[in-house]
Structure formats: structure tokens, C-alpha cells
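> In the UniProt record's numbering, the protein residues as written are 1 to 103.
Glycine included, each C-beta is placed from N, C-alpha and C at the ideal position.
Pasting a structure here, questions to come.
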Amino acid sequence: LSPPVVLGEGIYACGDWIDRTGHASWSTEKAVVTGKQAATAIANDFGLEMPAAEVIPAASDSQALAVLRSLARSLREKGGLTGVDDGLLPRAPWASLLRPRRQ
1 LSPPVVLGEG IYACGDWIDR TGHASWSTEK AVVTGKQAAT AIANDFGLEM PAAEVIPAAS
61 DSQALAVLRS LARSLREKGG LTGVDDGLLP RAPWASLLRP RRQ
């Protein structure tokens, strides 16, 4: 599953906030996609049979959106975007369960 909706043994997460790099949809659609991924992971882990939950790929970004995403990524990499890491925005409740990234 990409991004991981399985955060640890018996810990599953879904919602529009979990998928920042995978399915290129927004809000409700992203919540549905990660919900289907989490349900599939739970079914697999518990040996349950369920119909395949196919995820339809989102349409490609428009040129304007692609430019904005690229700009935001560049600013984040250079430390030009603030918010979460400086305490202005709350961290996701599950963020403390993830292992820190090695630099």
C-alpha cells in the first residue's frame, strides 16, 4: 500500500490527511481511497474474504496545479514553508506512532 495505511501491528489509518504523495485526489476522494486501502489491509491481516476494492487513478494534475505542487515542494525542501514543524499547526494525532525519518 502506498502510502502506508498500516502504521504498526494492529494500527491502521485512513482519511484525507494520510495520503500526501499517493492518489492525486482531494479531501473526500482521498479519504475514500485510503479507507479502501485500510479495509483491504485489515481484511488481509485477519484472513477475511472481501471483494477487491479497486481504486481508480485520479486524473493528472493540470499544468497550473503541477507548477504549484512543484513550488510548494521546493519551498518545503528549502525550509520556506512553515506551519507544522514550528508549532503553528497541530500535528496529526498518529504522527507520534511513525518512526522518525533518517536524514
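Please name the residue or residues paired with G10 in a DSSP beta bridge.
Beta-bridge pairing links G10 to no other residue.
> Quick test of your reading: A39 and V6, contact by CB under 8 Å. State the CB separation rounded to the nearest angstrom.
Actually they are not in contact, since the Cβ atoms of A39 and V6 sit about 12 Å apart, beyond 8 Å.
> Take the Cβ of Q37 as the centre, count every other Cβ of all protein chains shown within 10 Å, and call the residue buried at 16 or more, exposed below.
Buried: at least 16 other Cβ atoms inside 10 Å.
> Just how far apart, CA to CA, sit V32 and K78?
Using only the alpha carbons, I get a separation of about 32 Å.
> Find the nearest neighbour of A52 within the set A59, A58 and N44, judged by alpha-carbon distance.
Ranking the options by Cα distance to A52, first place goes to N44.
> Can you give me the C-alpha to C-alpha distance between L75 and A59, rounded to a whole angstrom?
If you take the alpha carbons of L75 and A59, they lie about 25 Å apart.
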